[in-house]
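Presented below is the structure to which this report refers.
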């Protein structure tokens, strides 16, 4: 049995200073209360899994894969993600605070009804990512590929997208107000405002 599954099966509610490497977890359905504190995950895969009421605090994830996994009613606090995959990952009703994602793949990821605070997404590949009913503040988005992404009921006021690729994004005029973009991006957004530039 893998080290991670030993903790899950032990019904412990608190895991501290543990290190997980090379875990291969598929289709795990976990609905319990457990917190991982100051843990390290390296080269781990959690594919097609479902986590509910799980809290991650002060953890580090390196080269991990969470593709097609669902997180519901979870807590993510003080985390670092480096070169991880989140393809098709769904995050629902989750509080996210003080996290940093660097060079992660978030293609087709979904964040729905989440509260996000103090978050940095740096050099991430995130085409077709979808944000729905997301409340966020103190967000840094730097050099993201947001091609074809969707922002529904998610306000972009004060969000700086000037270093991001935003071709084909979907967002309402109301949610677009106050966004920060460069000159070229402003022209790209004209179609959303039904403006024709000659």
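In our numbering, the protein residues as written are 356 to 553.
Note that the Cβ used here is the ideal one computed from N, Cα and C, for glycine as well.
Cβ neighbours of residue i in the same chain (closer than 7 Å, five flanking residues each side left out)
i	result
residue 493	472 and 473
residue 510	530
residue 452	432, 472 and 473
According to DSSP, residues forming a beta bridge with residue i
i	result
residue 453	Answer by DSSP bridge pairing: none, since residue 453 is not bridged.
residue 376	397
residue 369	390
residue 402	381
residue 500	480 and 520
residue 407	386 and 427
As assigned by DSSP and simplified to three states, the class of residue i
i	result
residue 621	Only positions 356 to 553 of the chain appear in the structure, and residue 621 is not among them; the question remains open.
residue 428	coil
residue 421	coil
residue 415	strand
residue 447	strand
Other residues of its chain near residue i: CB distance less than 6 Å, five sequence neighbours each side excluded
i	result
residue 576	Residue 576 lies beyond the range of the chain shown here (356 to 553); nothing can be said about it.
residue 449	426, 429 and 469
residue 391	370, 411 and 414
residue 382	403
residue 506	486, 526 and 530
residue 386	407
residue 377	398
Nonlocal neighbours in the same chain, by C-beta distance under 8 Å from residue i, ignoring five residues either side
i	result
residue 500	479, 480, 481, 482, 519 and 520
residue 502	482, 483, 520, 521, 522, 523 and 524
residue 535	513, 514, 515, 516 and 517
Integer Cβ distance of residue i from residue j, believed to fall under 8 Å
i	j	result
residue 431	residue 405	About 16 Å; that fails the 8 Å criterion.
residue 416	residue 401	Going by Cβ atoms, the distance from residue 416 to residue 401 rounds to 10 Å, so no, they are not a contact pair.
residue 467	residue 496	The Cβ separation is near 18 Å, so there is no contact.
residue 399	residue 436	Contact flag wrong, Cβ pair sits at about 12 Å.
residue 419	residue 394	About 12 Å separates the two Cβ atoms, so there is no contact after all.
Min CB distance residue i to chain B below 7 Å
i	result
residue 357	No chain B is present in this structure, which holds just one protein chain.
Any alpha helix (DSSP H) of 4 or more consecutive residues that is wholly inside the region 463-498: Runs found: none.
Complete runs of the alpha helix (DSSP H) confined to the region 503-537 [at least 4 residues]: Complete alpha helix (DSSP H) runs here, min 4: 528-531.
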